[in-house]
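Undergrad: Residue numbers (the UniProt record's numbering), protein chains in the order written: chain A, 1 to 414; chain B, 1 to 613.
Beta carbons are placed, not taken as given, at the ideal position from N, Cα and C, and that holds for glycine.
My questions all concern the structure below.
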């Protein structure tokens with residue numbers, strides 16, 4: 001089980017130390033870790049490292065390193081998932097993560113860790129329950145504390161949910177306007193190879209729900225075409241049987257924002273846009289041109305289109321212009337072409353010349369183009385919500401549905 | 001889902017000592033200690049916060065212990081919490097002063113508010129001072145019977161903490177028996193889970209001392225307990241589920257019906273949002289079916305999709321950890337994953353570790369139907385900016401070529417690599433072409449034509465140079481310039497520093513000599529002379545051996561140097577199937593992720609002692 005958790009700033013300073021068991025972990029482990037991290041240079045560290053004395057779990061979020069130590073064998077994902085949850089909860093509580101915000105609120109961080117893990121074993125990481133035990137330091141409570149002179153962050157009642165049979169929800173939520181929003185958020189991962197062939201294309205999607213409903217509502221969500229889903233994962237609130245027999249999501253939702261389901265759809269046949277890079281080298285210079293356009297019109301506007309790539313080290317200088325959007329080249333030779341919305345009347349293109357290192361005739365190392373885009377109003381996997389039924393509610397709630405697809409790891413090789 | 005940008009790291013800064021500030025705080029706390037003025041709690045809170053922040057950045061504030069305890073007589077819960085935190089941190093070094101805190105902690109354990117009761121009990125058990133254990137027994141006993149589940153949950157873990165401070169006190173108070181009763185009867189699953197984890201630790205530690213304890217430990221794995229836990233598994237929150245699943249993985253069912261029952265019950269756990277639960281479930285499935293070959297195969301089919309989804313969701317850290325486990329399974333049963341090869345394609349943003357795992361998986365899943373596509377993909381990496389990955393992928397192409405029957409397309413690709421004129425690509429490819437020719441001598445014509453065009457001056461890496469020289473010797477009758485290239489290499493003996501290359505050069509010159517004597521004579525003389533004068537023992541010995549062999553009998557020498565060769569059919573495999581079976585002992589353990597799988601090391605030594613925490 002975990003013996004200690006450290007939070008390190010981006011300069012390696014220990015911002016927080018939480019000993020979890022009787023086996024005290026000396027702080028020197030942090031300097032060992034930091035030296036190790038430096039010795040690895042730019043390379044990303046593995047999430048589990050064996051140090052001479054401990055196994056270390058580490059994740060980095062917004063420059064903050066979450067480090068946990070153990071000396072005994074344990075399931076690796078237990079450590080990693082737990083640290084990820086800690087990071088999520090903290091960022092939720094503190095409204096983002098950075099060094100200052102952690103240092104200003106370290107008492108709350110200690111309070112939270114106290115409830116999240118005891119004696120090295122994770123207890124509650126469910127944000128809804130934590131929020132009832134420890135009030136987030138938001139503006140409301142700040143104002144309240146000035147007015148009432150009581151700045152306690154610890155709520156004086158225990159959450160009802162710790163005793164209820166629906167551990168992710170309290171029974172006594174009350175809203176005047178009952179609302180529930182369901183968002184389909186999809187990310188398209190794709191690889192397009194040198195010949196322009198779509199080698200791999202799949203979608204990772206999430207059904208995100210924001211529920212503001214009174215009492216203990218019972219929801220049923222169904223899809224028009226659930227059979228396209230390759231694999232699904234559920235929030236603990238989802239009942240398994242209805243899904244197994246009828247592909248219906250039946251659940252009592254937690255309060256607020258949560259991820260109801262995540263899914264994967266493989267073997268998609270088409271990407272919504274095309275990106276065609278072309279490189280031709282001749283006696284020390286290389287001509288680069290990139291064309292971008294809509295391929296299979298999804299019927300909605302494609303915006304926030306950017307194309308990013310790293311120029312190979314052997315390129316001395318680059319002169320690139322585009323007929324649409326802006327091209328930025330940083331000193332580390334990373335280029336970003338921000339197109340924004342693809343115009344209807346013309347196809348965006350970028351072209352220019354790259355000057356190669358002396359002695360090089362041809363460019364042998366070819367860049368990979370990473371493409372980003374966003375399409376509002378459509379889930380590109382084709383998944384469609386059929387209907388959402390609500391039971392156990394006093395009055396008719398407002399139901400909202402949205403869909404969004406963006407590029408995940410969408411790369412085009414040249 | 002992009003990996004987090006690594007910040008520029010600098011060596012860790014030295015921490016301030018803060019002596020002056022500590023004594024300042026001390027006097028301020030003294031002033032406040034007895035005060036009952038309005039608003040005193042607020043000023044205390046500021047001071048406490050300062051103390052804790054010093055403690056956090058590593059300044060020793062243990063000297064304030066007395067003052068902190070004096071200030072702790074308060075009803076303010078925030079102050080209490082900060083005080084508990086402080087006391088928990090320093091009680092161990094101040095056992096005498098810790099006695100002072102017992103009083104107010106014990107009082108808080110009887111507070112009306114269950115939250116305060118729980119917090120106080122948790123802090124009391126976290127003091128970890130051996131001579132205070134007598135004060136723990138009472139509050140723990142009543143905590144275990146508390147009407148509120150939060151307090152019971154804290155008390156159960158408190159018992160475990162007590163056990164680690166003083167096992168005899170814990171056993172004398174008969175706490176394990178109470179925990180066992182709670183585990184089988186408490187309505188709250190978190191209490192139940194804590195009982196389970198506490199009992200596991202206590203009985204395991206006690207097992208060596210008493211037979212009864214070892215019976216109790218085994219009883220946790222008995223059918224009634226396992227079924228009791230399994231039937232309630234959906235009520236547990238995610239982390240206790242992992243605990244239960246780990247226990248179930250150790251359970252040995254009596255017959256196959258039981259195995260199917262358990263798997264049916266747990267099947268939906270594969271869809272859980274928490275990766276730790278999914279992996280723990282997979283481990284149960286794999287363990288249960290180890291002896292049922294065909295069911296075991298079906299399990300693989302069933303767990304494939306959840307694993308692949310886990311890899312593509314979540315943070316880079318999570319997906320790497322899952323990928324390591326997937327790697328383990330793919331290496332064991334590549335055939336079952338051969339249609340999923342596209343999942344192992346590398347993406348530009350992934351870290352070196354991830355790409356390396358993926359390349360290994362691509363290599364083993366290659367079969368007749370997907371080789372063409374896999375090799376096409378690997379060839380794209382060879383032009384990658386990332387040089388280590390480019391090298392790895394060329395090696396991967398070579399490995400695939402060696403395990404396939406139809407290597408036609410692959411050889412063409414390898415030869416194209418040689419035309420890329422990148423020194424590291426050329427170097428890696430030469431080594432591979434050499435291995436390939438040993439297995440597939442029929443390709444020599446095509447390869448030699450291309451290899452002959454490579455100037456040895458462009459090859460610097462010893463391994464690659466040795467490979468090139470080997471080919472010059474082996475195929476000297478087909479390569480027009482072979483004797484002259486070897487001659488110039490032999491004449492510039494001193495420019496070559498690697499003994500490996502020198503050894504190969506000696507042998508190649510000998511081989512060449514028997515095939516084209518008149519042209520090679522000069523080279524042979526130069527090489528033998530240089531070799532005899534070499535400082536490296538092996539080089540010297542080989543030169544001497546060849547020299548004497550030639551002196552003894554030329555035709556014997558030819559038989560020794562150029563015997564008729566058989567194509568190598570199989571290169572030695574590094575893993576035996578028996579070792580692959582032992583993988584399951586380690587599935588869902590840390591070693592899988594930090595890549596030092598114990599079974600793959602020669603000596604099976606535990607990296608660290610298994611202390612119980």
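On the premise that residue 62/B lies in contact with residue 90/B, defined as a C-beta separation below 8 Å, what is that separation, rounded to the nearest angstrom?
TA: That belief holds up - the Cβ atoms of residue 90/B and residue 62/B are roughly 4 Å apart, short of 8 Å.
Undergrad: Closer than 7 Å, Cβ to any Cβ of chain A: which residues of the region 332-356 of chain B, in chain order?
TA: The residues in question are 342, 345, 347, 348, 349, 351, 352 and 353.
Undergrad: Can the beta-carbon of residue 154/B be found less than 9 Å from the beta-carbon of residue 176/B?
TA: Going by C-beta atoms, residue 154/B is not nearer than 9 Å to residue 176/B.
Undergrad: Using a threshold of 9 Å, state whether the C-beta atoms of residue 165/B and residue 128/B are closer than that.
TA: Yes, the Cβ-Cβ distance between residue 165/B and residue 128/B is below 9 Å.
Undergrad: At a cut of 8 Å, does the region 361-370 of chain A reach the region 342-353 of chain A through at least three beta carbon pairs?
TA: No, they do not touch.
Undergrad: Tell whether a beta-carbon distance below 9 Å holds between residue 383/B and residue 420/B.
TA: In this structure, residue 420/B lies closer than 9 Å to residue 383/B by Cβ.
Undergrad: Any C-beta of chain A sitting closer than 9 Å to the C-beta of residue 119/B?
TA: For residue 119/B, the answer is yes, since a Cβ of chain A falls inside 9 Å of its Cβ.
Undergrad: Can residue 109/A be considered in contact with the ligand GDP, in the sense that its beta carbon sits closer than 8 Å to one or more heavy atoms?
TA: Among the components of this structure there are no ligands whatsoever, and the ligand GDP is therefore not found.
Undergrad: Can you tell me whether residue 610/B is buried or exposed? The criterion is at least 16 other CB atoms within 10 Å of its CB, across all chains shown.
TA: Residue placement at residue 610/B is flagged as unreliable, the pLDDT there being 36, under the threshold of 50; a coordinate-derived value is accordingly withheld.
Undergrad: Against chain B, with Cβ distances strictly below 9 Å, would residue 22/A count as a contact?
TA: Interface residue, yes.
Undergrad: What runs of the alpha helix (DSSP H), each 4 residues or longer, lie entirely inside the region 166-209 of chain B?
TA: Correct list: 167-172, 175-185 and 189-206.
Undergrad: When the Cα atoms are used, what is the spatial distance from residue 147/A to residue 43/B?
TA: Here residue 147/A scores only 47 on pLDDT, less than 50, and its place in the model should not be relied on; the value that follows carries that caveat. Distance between the alpha carbons of residue 147/A and residue 43/B is about 17 Å.
Undergrad: Just to make sure I have the definition right: I need the residues of chain A whose C-beta is within less than 8 Å of the C-beta of residue 164/B. Which are they?
TA: Per Cβ cutoff of 8 Å: 21 and 22.
Undergrad: Quick check on residue 115/B - is its C-beta less than 9 Å from some C-beta in chain A?
TA: Yes, its Cβ sits closer than 9 Å to a Cβ of chain A.
Undergrad: Check whether the region 283-296 of chain A touches the region 251-259 of chain A, taking contact to mean three or more Cβ pairs, one atom from each stretch, closer than 8 Å.
TA: The region 283-296 of chain A is not in contact with the region 251-259 of chain A.
Undergrad: Run through DSSP, which three-state label would residue 333/B get?
TA: Residue state, collapsed to three classes: coil.
Undergrad: Give the secondary structure of residue 125/B by DSSP, where H, G and I count as helix, E and B as strand, and everything else as coil.
TA: Reduced to three states, the DSSP call for residue 125/B is helix.
Undergrad: Taking residue 435/B as the reference, which of 139/B, 397/B and 255/B has the closest Cα?
TA: The candidate whose alpha carbon is nearest that of residue 435/B is 397/B.
Undergrad: For the 8 Å Cβ check, are there 3 or more pairs between the region 269-280 of chain A and the region 298-310 of chain A?
TA: Verdict: yes, contact present.
Undergrad: With H, G and I counted as helix, E and B as strand and the rest as coil, what does DSSP make of residue 162/A?
TA: Bear in mind that a pLDDT of 45 at residue 162/A, under 50, signals an unreliable position, so the number given afterwards is only what the model happens to contain. Three-state result, residue 162/A: helix.
Undergrad: What are the boundary residues of the beta strand (DSSP E) that includes residue 203/A?
TA: Looking at the DSSP string, the run of the beta strand (DSSP E) that includes residue 203/A is 198-212.
Undergrad: Quick check on the DSSP output: the beta strand (DSSP E) that includes residue 265/A runs from which residue to which?
TA: Its beta strand (DSSP E) spans residues 256-265.
Undergrad: Quick one: which residues of the region 292-306 of chain B get their C-beta closer than 8 Å to a C-beta of chain A? List them in chain order.
TA: Answer set for the region 292-306 of chain B: 305 and 306.
Undergrad: According to DSSP, is residue 365/A helix, strand or coil?
TA: Correct three-state label for residue 365/A: coil.
Undergrad: When you compare the CB positions of residue 283/B and residue 249/B, do they come within less than 9 Å of one another, or not?
TA: It is a contact, given that the beta carbons lie within the stated cut-off.
Undergrad: Is residue 203/A closer than 9 Å to residue 183/A when the C-beta atoms are compared?
TA: No. Outside cutoff.
Undergrad: Using a Cβ-Cβ cutoff of less than 7 Å, which residues in the same chain neighbour residue 295/A once the five nearest sequence positions on both sides are dropped?
TA: So the qualifying residues of the chain are 270, 271, 272, 273 and 274.
Undergrad: According to DSSP, simplified to helix, strand and coil, what is residue 10/B?
TA: Its pLDDT being 45, under 50, residue 10/B is placed unreliably by the model, and the measurement read from it follows with that caveat. Three-state result, residue 10/B: coil.
Undergrad: Between the region 349-357 of chain A and the region 375-391 of chain A, can you find at least three pairs of beta-carbon atoms closer than 8 Å?
TA: Touching, no.
Undergrad: Using a cut-off of 7 Å between C-beta atoms, extract the partners of residue 200/A located in chain B.
TA: The contacting residues are 342 and 345.
Undergrad: Here's the rule: buried if 16 or more other CB atoms are within 10 angstroms of the residue's CB, otherwise exposed. What is residue 392/A?
TA: That one is exposed.
Undergrad: For the beta strand (DSSP E) holding residue 69/A, just list the boundary residues, first then last.
TA: Counting along the chain, the beta strand (DSSP E) containing residue 69/A begins and ends at 64-70.
Undergrad: Quick one: does residue 259/A have its CB under 9 Å from some CB of chain B?
TA: At least one chain B Cβ lies under 9 Å of residue 259/A.
Undergrad: Tell me, please, whether the CB atom of residue 82/A is closer than 9 Å to any CB atom in chain B?
TA: It does: the Cβ of residue 82/A has a partner Cβ on chain B nearer than 9 Å.
Undergrad: Can you say whether residue 12/A is buried or exposed, counting buried as having 16 or more other CB atoms within 10 angstroms of its CB?
TA: It is buried - the Cβ of residue 12/A has at least 16 other Cβ atoms within 10 Å.
Undergrad: For a contact defined as C-beta to C-beta under 8 Å, what are the partners of residue 208/A on chain B?
TA: What residue 208/A touches in chain B: nothing, since even the nearest Cβ is about 13 Å away.
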